[in-house]
Structure formats: C-alpha cells, structure tokens
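*Asks:* Per this note's numbering, numbering of the sequence shown is gapless, rising by one per residue and ending at 219.
Cβ atoms here follow ideal geometry from the backbone N, Cα and C, with glycine treated the same way.
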Amino acid sequence: MYHFQEFVVHYGYFAVFFFLALGIFGVPLPDEIVVAFIGHLSSTGALNYQLSAIITVLGVMTGTIFTYTIGRTVGKPLLMKYGKWISLSPKRLQRVDNWFDKYGSWAVTLGYFVPGMRHLVCYLSGSSGMGIRRYLLFAAIGTFISSITFLSIGYLMKLPF
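(1) Taking only three categories from DSSP, how would you classify residue 170?
(2) Below 8 angstroms on the Cβ atoms is my contact criterion, and I expect residue 179 with residue 165 to pass it. Report the Cβ-Cβ distance as a whole number of Å.
(3) Measuring CB atoms only, is the region 91-100 touching the region 129-137, in the sense that at least three cross pairs come out at less than 8 angstroms?
(4) With a CB to CB cut of under 7 angstroms and the five nearest residues on each side skipped, what residues in its chain are close to residue 167?
(5) For residue 181 and residue 204, I'd like the C-alpha separation in whole angstroms.
(6) Report the start-end ranges of each alpha helix (DSSP H) in the region 144-205 that is 4 residues or longer and not cut off at the edges.
(7) Would you tell me roughly how many angstroms separate the C-alpha atoms of residue 159 and residue 184, rounded to the nearest one?
(8) State buried or exposed for residue 144, treating a residue as buried only when at least 16 other CB atoms are found within 10 Å of its CB.
(9) Quick one: is residue 161 buried, meaning 16 or more other Cβ sit within 10 Å of its Cβ, or exposed?
(10) Is it buried or exposed, residue 191, if we count other Cβ atoms within 10 angstroms and call 16 or more buried?
(11) Return yes when at least one heavy atom of the ligand GTP lies under 6 angstroms from the C-beta of residue 68, else no.
(12) Where residue 207 and residue 193 are concerned, what is the direct C-alpha to C-alpha distance, given to the nearest angstrom?
Put into structure tokens, the structure is as follows:
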C-alpha cells in the first residue's frame, strides 16, 4: 500500500482516476480498498474530500462504461463460443438474459457493494442487451452510493495504511 500512497501523492487525482478506471479490469488492488484509502488520505489533508469524491465517481464510471461496452460489442459471441468452458450452455445464457431483463437494473446498483461482482455485472449488462440509458442510470446510482460509502469509511476510521 505504501507504493500506491506514493503514487497518489506524486500524481494526485490523476492517479486516483487511473486506478479506479482500470480497477474494473481487476487490477490487483480492489476498488473498495482504493476508495477507502483515498478517504483516509483525505482525512490527513493529502487530498480534498469533495474533489476525491468527484474523481472517484468519474473513475469508477469510466471503467464500468468501458466494461459494459465490451460486453455489448463482443460479449454475447464470446459467451456463446467459450461459455461451455465455464458451464454456460446456450440454455443457461438465455436464463441469464431473462434474469437480467427482470432484475438486472438492481443487480447493477447492488453489485457495487460486492467485491468482484461489479466486474461481472457490467460485462453481463452489456452482453444481455440492457439499454445504455437504463444501465447508466443504475450504474450511476450504485457508483455514487458505494463511492461515498467507502470514501467516508476511509475518512472516518483509522485505517491501518
């Protein structure tokens, strides 16, 4: 965590945006920890809390939109071709699409609170054909609430970083 802190101190908000935009691809540092650490740095005065919140939301949204787009453009063909390797038959894929039609919006929002889940939900939202407006609405809600939550946890608690 020391190297990440040095990177953020040196490059500032650009580093925050960069790590969170790439975090959707599973960069080794989970977004929840990154955001809590940014909150911690805000509590020490190294970063501004309000600006950190804005940059955090923008970084996470950038990553999720990119992952949604990948799912939307190449997701279905990849899942049809290679899904059998992870036990996703065409029948199961259809069930996933049906489930996303019914519950996908809330899965997008709530997926931001489950480590690792947001990565899968963003991709599946695109590959299942969820409309971009619907996706953006529920992704923005989840991004905002989870970012402020984890940022505040890091700001208010004494973290061992």
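*Replies:* In this structure, then:
(1) Position 112 of the sequence shown, counted from the first residue, corresponds to residue 170. Correct three-state label for residue 170: coil.
(2) Position 121 of the sequence shown holds residue 179. Position 107 of the sequence shown holds residue 165. 5 angstroms between Cβ atoms; contact.
(3) no
(4) Sequence index remark: in the sequence shown, residue 167 carries index 109 (1-based). Excluding positions up to five away in sequence, the list reads 196, 199, 200.
(5) For the purposes of this step, residue 181 is taken as the residue at position 123 of the sequence shown. For the purposes of this step, residue 204 is taken as the residue at position 146 of the sequence shown. Each residue's alpha carbon lies about 19 angstroms from the other.
(6) 148-169, 175-185
(7) Locating residue 159 in the sequence shown gives position 101, where the first residue counts as 1. Locating residue 184 in the sequence shown gives position 126, where the first residue counts as 1. One C-alpha to the other measures close to 12 angstroms.
(8) One-based indexing of the sequence shown puts residue 144 at position 86. Exposed: under 16 other Cβ atoms inside 10 Å.
(9) Counting from 1 along the sequence shown, the entry for residue 161 is found at position 103. The residue is exposed, with fewer than 16 neighbouring Cβ atoms inside 10 Å.
(10) Within the sequence shown, residue 191 is the residue found at index 133, counting from 1. Residue 191 comes out exposed.
(11) This structure lacks the ligand GTP; in fact it carries no ligand of any kind.
(12) By 1-based counting over the sequence shown, the position of residue 207 is 149. By 1-based counting over the sequence shown, the position of residue 193 is 135. Cα-Cα distance, rounded: 21 angstroms.
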